[in-house]
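One structure is given below, encoded as structure tokens.
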Amino acid sequence: MKQNSSLITPLTTPSKEVLGDVVELFKHLCQWTVPYGYEDDYYGRMLDDLGWKRDVADSQTINYVLDLRNGEPSGIFCAHLDTVGDEPEPINLLIDGATARTDGGTILGADDRAGVAIVLYLAHVAKLPALYLLFSGEEKGRQGSSRWVGKHGKALQGLRFAIQVDRRNETEIITHQSGKICASDVFAEALARGLDMGHEPSNKGAYTDTFELRRHVPECVNIAAGYRNPHQEEEEQNLDYLARLCERLARLDYGALPIERVPELSDLAG
Ligand SMILES: [Zn+2]
Numbered sequence: 004m005k006q007n008s009s010l011i012t013p014l015t016t017p018s019k020e021v022l023g024d025v026v027e028l029f030k031h032l033c034q035w036t037v038p039y040g041y042e043d044d045y046y047g048r049m050l051d052d053l054g055w056k057r058d059v060a061d062s063q064t065i066n067y068v069l070d071l072r073n074g075e076p077s078g079i080f081c082a083h084l085d086t087v088g089d090e091p092e093p094i095n096l097l098i099d100g101a102t103a104r105t106d107g108g109t110i111l112g113a114d115d116r117a118g119v120a121i122v123l124y125l126a127h128v129a130k131l132p133a134l135y136l137l138f139s140g141e142e143k144g145r146q147g148s149s150r151w152v153g154k155h156g157k158a159l160q161g162l163r164f165a166i167q168v169d170r171r172n173e174t175e176i177i178t179h180q181s182g183k184i185c186a187s188d189v190f191a192e193a194l195a196r197g198l199d200m201g202h203e204p205s206n207k208g209a210y211t212d213t214f215e216l217r218r219h220v221p222e223c224v225n226i227a228a229g230y231r232n233p234h235q236e237e238e239e240q241n242l243d244y245l246a247r248l249c250e251r252l253a254r255l256d257y258g259a260l261p262i263e264r265v266p267e268l269s270d271l272a273g
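Here is the structure:
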């Protein structure tokens with residue numbers, strides 16, 4: 004439960020140069036741990052400046068939405084703003100070659116800041132036409148995404164896919180979360196070919212926010228984010244992988260991805 008918003012220093016809006024370099028952007032985001040309830044205190048000012056709209060479920064569950072759809076069939080890019088823990092703590096960020104970690108005093112929170120950095124890059128630099136969502140409280144049971152989908156799910160009709168970058172390591176594209184089919188292998192394989200980084204479909208996912216979106220959106224995946232040891236002080240992020248993945252996502256032909264899964268039918272099938 005949130006204690007006191009003055010515990011955390013709000014994030015400043017990154018310069019154009021920082022926003023345009025996903026590794027610099029990631030480093031900029033890694034100044035505090037951001038437990039559920041503190042997302043708005045930390046990210047709010049920056050997201051206001053960048054044109055995002057708040058969607059308030061309750062005083063500590065605040066999601067952010069940026070709708071850049073242009074009428075064409077498109078999809079969703081999403082990430083979660085919170086990190087594990089109960090109290091915000093300042094991070095001492097260490098960069099060792101292509102690896103980001105902390106001094107061991109706190110987690111890094113690359114889970115899911117790697118995803119947040121990519122979402123911001125795709126929206127504000129690549130400017131891909133899509134619906135962008137940044138969720139609160141994923142680590143406390145997908146509080147933000149479950150409430151957002153409960154309120155807005157029916158408005159997701161016509162969206163073809165939802166992509167989140169929130170899986171540990173560097174190889175998986177998660178198609179099944181908690182045993183439920185969230186995306187077809189055909190979609191995941193085509194996405195892997197498009198990225199050309201050696202990813203493979205995996206049915207071993209637990210949960211992230213795209214699990215909630217699966218009720219309304221046909222193809223909902225979770226791509227490896229390049230972080231290791233999430234939720235631990237030993238957490239680290241592969242910055243080269245982050246840069247490569249972001250660059251590939253920015254120039255993928257999303258219209259060419261095959262859409263096979265039917266939300267309602269897949270859910271009945273388990
Ligand atoms: Zn996560």
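Residue numbers are given in my numbering: position 49 of the sequence shown equals residue 52, and the series is strictly consecutive.
The beta-carbon is built from N, C-alpha and C at its ideal position, and this holds for glycine as well.
Beta-carbon spacing of residue i, residue j below 8 Å
i           : j           : result
residue 158 : residue 220 : no
residue 37  : residue 81  : no
residue 187 : residue 210 : no
residue 23  : residue 128 : yes
residue 240 : residue 50  : no
residue 218 : residue 156 : yes
Reduced DSSP category for residue i - H, G, I as helix; E, B as strand; rest coil
i           : result
residue 231 : strand
residue 263 : coil
residue 226 : strand
residue 33  : coil
residue 26  : helix
residue 219 : coil
residue 81  : strand
residue 149 : helix
residue 207 : coil
residue 273 : Below a pLDDT of 50, predicted positions are generally treated as unreliable, and residue 273, at 46, falls in that range; no measurement from the model is reported.
Inter-residue Cα distance where the pair is residue i and residue j
i           : j           : result
residue 89  : residue 44  : 14 Å
residue 26  : residue 34  : 14 Å
residue 261 : residue 91  : 42 Å
residue 213 : residue 223 : 6 Å
residue 191 : residue 120 : 22 Å
residue 28  : residue 17  : 7 Å
residue 135 : residue 100 : 31 Å
residue 57  : residue 266 : 27 Å
residue 232 : residue 75  : 39 Å
residue 79  : residue 249 : 15 Å
residue 108 : residue 87  : 14 Å
residue 66  : residue 154 : 12 Å
residue 200 : residue 63  : 38 Å
residue 229 : residue 30  : 14 Å
residue 98  : residue 160 : 42 Å
Residue i: CB within 7 Å of a non-hydrogen atom of ligand 1
i           : result
residue 211 : yes
residue 202 : no
residue 141 : yes
residue 83  : yes
residue 114 : yes
residue 169 : yes
Exposure of residue i, with buried meaning 16 or more beta-carbon neighbours within 10 Å
i           : result
residue 20  : exposed
residue 225 : buried
residue 42  : buried
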